[in-house]
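Numbering (the numbering used here), first residue to last: 136 to 218.
Just below is one structure, and these are the notes that go with it.
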Amino acid sequence: MARALAREGVRVAILDLNEAAARKVADGIRQEGGQAEAVPVNVLERRSVEAAREAVMGMFGRVDILINGAGGNKKEATAEKDF
136 MARALAREGV
146 RVAILDLNEA
156 AARKVADGIR
166 QEGGQAEAVP
176 VNVLERRSVE
186 AAREAVMGMF
196 GRVDILINGA
206 GGNKKEATAE
216 KDF
């Protein structure tokens, strides 16, 4: 999805717990002529999420589209408590 958005001119931030994986995707987008940045984040840690938000805002100034795919859409991967 990030690659498709980048092909349409959207500047994208790739956020991932695995910084190397995020960097690989962002590098691929840039090689295709798009604009992308990699940002490490652990969605289970508030400070990490806040730092990622600050990084993205510093890079892009605003967020127009947000796509959440953290944890592969498994509640166990994104919740510290059992609801």
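Every residue gets a Cβ at the ideal spot worked out from N, C-alpha and C, and that includes glycine.
query                                                                                                                                                                          : result
Enumerate in chain order the residues of its own chain whose CB-to-CB distance from D151 is below 6 angstroms, with the five nearest sequence positions on each side excluded. : A157
What's the gap between the Cα of L201 and the Cα of G169?                                                                                                                      : 18 angstroms
Can you tell me whether I164 is helix, strand or coil according to DSSP?                                                                                                       : helix
With a Cβ-Cβ cutoff of 8 angstroms, do A148 and V178 count as a contact?                                                                                                       : no
Using the Cβ count rule (16 or more neighbours within 10 Å means buried), how would you classify V198?                                                                         : exposed
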